[in-house]
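Engineer: The structure that follows is given in the form of C-alpha cells.
Numbering (the working numbering), first residue to last: 8 to 154.
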C-alpha cells in the first residue's frame, strides 16, 4: 500500500511538472509571436499596430541613452525619424516569470533614420507584461555589443 501511494505521489508530481512546463512553453510561443509582430511593426509601422503591442507606460531606451515614452516612440516611427528598412533578431531567449517576460536578442538592422542609411547591430532587452490577458511591451533597452 505504501509503495502504491509513493508511486501515485510521484505520478502526480511528474504530471504537475509536465503541465507547468507545457503552460510556460505555450506562453513563450505567445510572447515570441508578439516579438515577431513588433519586428514587423517596426519595419512597416502603423500607429494602431504599435499601440496594440505596447503599454501606455512604455519606457523605450536606445543604445545612445535616449529614452522615449509610447507617444514619442510611435511618433518617431510614423514621421520617419526612426526608419527600419530590415530587422533580424538573432540569438533570442525568452524567460517568463508570472506575468512578466524578459526577451533578449541581438538586433541586426538596416535603418534609414531621417533619410540616412546605416547598418546597426545592437543588443536588446525587452520586458513584456501580461495585462488583461494580452502581452504588452513595457520596457525596451538597447545596448552596444562588445567589439
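C-beta: ideal position from N, C-alpha, C; glycine also.
Here the structure is a predicted model, which is why all the values come from computation and not from measurement.
Could you give the C-beta distance for residue 107 and residue 132, rounded to a whole number, given that I count them as a contact under 8 Å?
Structural biologist: Within the chain shown, numbered from 1, the residue matching residue 107 stands at position 100. Within the chain shown, numbered from 1, the residue matching residue 132 stands at position 125. Contact doesn't hold; Cβ gap of about 12 Å is too wide.
Engineer: Expressed to the nearest angstrom, what Euclidean distance is found between the alpha-carbon atoms of residue 11 and residue 102?
Structural biologist: Working through the chain shown from its first residue, we reach residue 11 at position 4. Working through the chain shown from its first residue, we reach residue 102 at position 95. Straight-line Cα distance between these residues: approximately 37 Å.
Engineer: Are there any heavy atoms of the ligand FMN lying less than 6 Å away from the beta-carbon of residue 88, as far as the coordinates show?
Structural biologist: Because no ligand of any kind appears in the structure shown, any question about the ligand FMN cannot be addressed here.
Engineer: Count the C-beta pairs between the segment 120-130 and the segment 40-52 that are closer than 8 Å, then say yes if the count reaches three, no if not.
Structural biologist: Output reads no: the segment 40-52 does not touch the segment 120-130.
Engineer: Does DSSP put residue 64 in a helix, in a strand, or in coil?
Structural biologist: In the chain shown, residue 64 corresponds to position 57, counting from 1. Looking at residue 64 - three-state DSSP - the assignment turns out to be strand.
Engineer: For residue 109, report the span of its alpha helix (DSSP H) as first-last.
Structural biologist: Position 102 of the chain shown, counted from the start, is the residue given in the question as residue 109. Note, residue 109: premise wrong, no alpha helix (DSSP H); beta strand (DSSP E) at 107-120.
Engineer: Below 8 Å on the Cβ atoms is my guess for residue 130 versus residue 149; work out the distance and round it to an integer in Å.
Structural biologist: Walking along the chain shown from the start, residue 130 turns up at place 123. Walking along the chain shown from the start, residue 149 turns up at place 142. Residue 130 to residue 149, Cβ: 7 Å. Contact.
Engineer: Bridge partners for residue 133 per DSSP, in chain order?
Structural biologist: Counted from its first residue, the chain shown places residue 133 at position 126. BP columns for residue 133 point to 110, 147.
Engineer: Between residue 59 and residue 145, is the Cβ-Cβ spacing less than 7 Å?
Structural biologist: Taking the chain shown and counting its residues from 1, one reaches residue 59 at position 52. Taking the chain shown and counting its residues from 1, one reaches residue 145 at position 138. Contact flag unset, no.
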